Amino acid sequence: AEPRWGRITVVERESAIVGWHRGGPLAALTARALADERTEIVETDLVTYVNETSATFDALCLDIDNGPGWTVTEGNGELYAPSGLASCARVLRPGGVLAVWSAKPSPEFEGTLWNVGFQQVRTEEIPVARGVPDVVHLAVRAG
Numbered sequence: 050a051e052p053r054w055g056r057i058t059v060v061e062r063e064s065a066i067v068g069w070h071r072g073g074p075l076a077a078l079t080a081r082a083l084a085d086e087r088t089e090i091v092e093t094d095l096v097t098y099v100n101e102t103s104a105t106f107d108a109l110c111l112d113i114d115n116g117p118g119w120t121v122t123e124g125n126g127e128l129y130a131p132s133g134l135a136s137c138a139r140v141l142r143p144g145g146v147l148a149v150w151s152a153k154p155s156p157e158f159e160g161t162l163w164n165v166g167f168q169q170v171r172t173e174e175i176p177v178a179r180g181v182p183d184v185v186h187l188a189v190r191a192g
């Protein structure tokens, strides 16, 4: 276990995916992490969670749908809208980092991050075996 980490909260709405880690095919890989008292698994929708939680975080690492420019699941677009990003900023501590995985770059999304008040906005390419690289949009909460 990484001693520098205070706690890790995983928000997952699909109970089957949580089950894969608790006793299913991924349990052998994740049992130690789940047994660590600093790990919390929350089974709910992420948009709902960031809108309702009173918890605060140093980082939010999000992998929701295909990214801001290509959502498949109804309601996921809310997360990438100014109101959803404002909710993310609210739960980040000052200087906290928002990392958003996406299947493709989105200059529009970068602009929205800036407009909501995030700083140090940038996009990092993540090479994949085939096709165009995935990306992670990074932004820092002011403060």
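In the numbering used here, the protein residues as written are 50 to 192. Note that the Cβ used here is the ideal one computed from N, Cα and C, for glycine as well. For clarity, every value in this text was computed on a predicted model and none was experimentally measured.
(1) Could you tell me which whole beta strand (DSSP E) segments of length 3 or greater appear in the segment 92 to 150?
(2) Here's a check: name, in chain order, each residue in its chain whose Cβ is nearer than 7 Å to the Cβ of ILE66, leaving out the five neighbours to either side.
(3) CB-CB under 6 Å to ARG56, same chain, minus the five flanking residues each way: which ones, in chain order?
(4) Is ALA188 helix, strand or coil when you go by DSSP?
(5) State yes or no: is the C-beta of THR161 within less than 8 Å of the C-beta of LEU134?
(6) Exposed or buried, which one is ARG142 when buried takes at least 16 other CB atoms within 10 Å?
(7) Contact check, THR102 vs VAL149 under 8 Å by CB: the rounded distance?
(8) If the criterion is Cβ atoms closer than 8 Å, does the pair GLU157 and THR172 meet it?
(9) Give me the DSSP bridge partner(s) of ASP183.
Short version:
(1) 106 to 111
(2) none
(3) ARG87
(4) strand
(5) yes
(6) exposed
(7) The Cβ separation is near 18 Å, so there is no contact.
(8) no
(9) ILE175
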